[in-house]
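Heads up, the sequence shown is in our numbering, so the first residue is 1235 and it goes up one at a time. Report on one structure; see the data block that follows.
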Amino acid sequence: MSQQRRILAAVDGSEWTDRIVDYLCAVFPAEGTEVVLFHVANPLPEILWDFQQNPLARYRMHQVRAYLEAYRERVEKKLEENRQKLVNSGFSGDLVKVRTEIRQVGVARDIIFEAQKGYDVLVMGRRGESRLKDLILGSIVTKVIGRLSMVPVAVVGFGPPEKGVVIAVDGSPETTRIAHCVGRIFQNSDHDVQVVHILRGMGQAVVPPITDMSLSALPPEWFDWVEQERETARRQIERIMEDVVEILASYGLRSSQTVVTDVASRAEEIVNQARMRKYGTIVVGRRGISKVEEFLLGRVSNKVLQLARQEAVWVVSCA
């Protein structure tokens, strides 16, 4: 029997709330999954309460309070509708909850604080569409990903939710954690998982940064060395990918592996691997060190987040 999953969905009542919930319904196994629709509400700014001392401002204060009350009612209605959508999709009514809390420190920090209370993943939209400035999720997502280091963050894209997961691995110690994270969340589901490693062209990786050096000027033994390094890297990563496939199989997931070589951009190829298969979820590590070329996977994952506007992108951190 699958263990219970705890999903925190950060929502603001905008159309992104619908997108997030549609993704939850389409992608996450309903059985044994707890979902908390978490909304951080902004209180009336203190500076506006000072206006009450000015008789000329009381009418405006009335308008502000009326707007905030109407906004609160609209958000509550939207969240309840989406809660019911989850229940109708097979999630247990006892495990789907709506919680609204008044902002304490800031929207991003309040979400981070809640996410650290034993959740398996935090799901957010690319941005929010509230007219209240602090509820713009574009900036909030950036802050959360930058500061939340121990909980996977899933950023839902613009496209319709599709089954299928691409896991981008680079052979770092983080690879095993990513495999267990995906396995635990999607245990015994009908997702197809593609484990992908992208090896950029070795010429781009190791040619010294001398502007007038061309490949024709390099000695033949250099090319032999490059080919040896490429083959060594491939063998190493294939062993690691086989371990990932075994881990996923232990959770009841079917998966296969692909090594792509000689591409100019890792991030673009990761996104391409998902789109060519029509998979809706891309999983990347927060950081990693390649065995072939030292690079921070954080740079790659950031670019994937920028490019994969249609897909959901998961950022998984090291424990």
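Glycine included, every Cβ here is placed at the ideal spot set by N, Cα and C.
Beta-carbon proximity of residue i to residue j, cut-off 8 Å
i     : j     : result
I1432 : I1516 : no
R1337 : A1275 : yes
S1248 : M1384 : no
V1399 : V1375 : no
F1347 : T1267 : no
K1319 : C1259 : yes
A1501 : E1545 : no
L1356 : A1413 : no
V1478 : T1409 : yes
Y1485 : R1418 : yes
A1555 : L1302 : Since the first residue of the chain shown is 1235 and the last is 1553, residue 1555 is not available in this structure.
F1420 : L1487 : yes
Which of helix, strand or coil DSSP assigns to residue i
i     : result
L1382 : coil
K1537 : helix
R1500 : helix
G1266 : coil
V1460 : helix
A1542 : coil
F1347 : helix
L1487 : coil
K1512 : coil
L1320 : helix
R1253 : helix
I1336 : strand
R1239 : strand
V1341 : helix
V1261 : helix
V1245 : coil
L1313 : helix
L1356 : strand
L1482 : helix
L1302 : helix
T1466 : helix
For residue j and residue i, believed in contact at Cβ under 8 Å, the rounded distance
i     : j     : result
V1430 : R1333 : With 8 Å as the limit, V1430 and R1333 do not qualify as a contact, their Cβ atoms being about 36 Å apart.
G1405 : Q1470 : 6 Å
R1554 : G1391 : In the structure displayed, the chain extends from 1235 to 1553; residue 1554 sits before or after that span and is not available.
K1397 : D1424 : 7 Å
H1273 : V1245 : 6 Å
E1461 : V1493 : The pair is not a contact, with the Cβ atoms about 15 Å apart (cut-off 8 Å).
Inter-residue Cα distance where the pair is residue i and residue j
i     : j     : result
N1506 : V1389 : 18 Å
A1300 : R1306 : 10 Å
N1422 : S1535 : 27 Å
V1255 : T1495 : 37 Å
R1308 : W1250 : 14 Å
G1352 : E1480 : 26 Å
V1387 : R1240 : 13 Å
V1261 : R1511 : 16 Å
S1490 : V1427 : 7 Å
V1403 : A1304 : 47 Å
E1560 : P1395 : The requested residue 1560 is not part of the displayed model; the chain covers only 1235 to 1553.
R1317 : L1539 : 27 Å
I1345 : G1380 : 13 Å
R1411 : D1458 : 35 Å
Q1238 : G1327 : 14 Å
R1468 : V1378 : 34 Å
E1455 : T1466 : 16 Å
D1368 : V1341 : At D1368, the pLDDT of 40 sits below 50, so the modelled position is not reliable and the matter cannot be decided from this model.
V1321 : D1252 : 14 Å
R1543 : S1499 : 17 Å
V1549 : H1296 : 43 Å
M1358 : M1475 : 29 Å
P1453 : S1373 : 50 Å
Counting only runs of 4+ residues fully inside the segment 1390 to 1444, write out the alpha helix (DSSP H) ranges in chain order. 1408 to 1419 and 1436 to 1440
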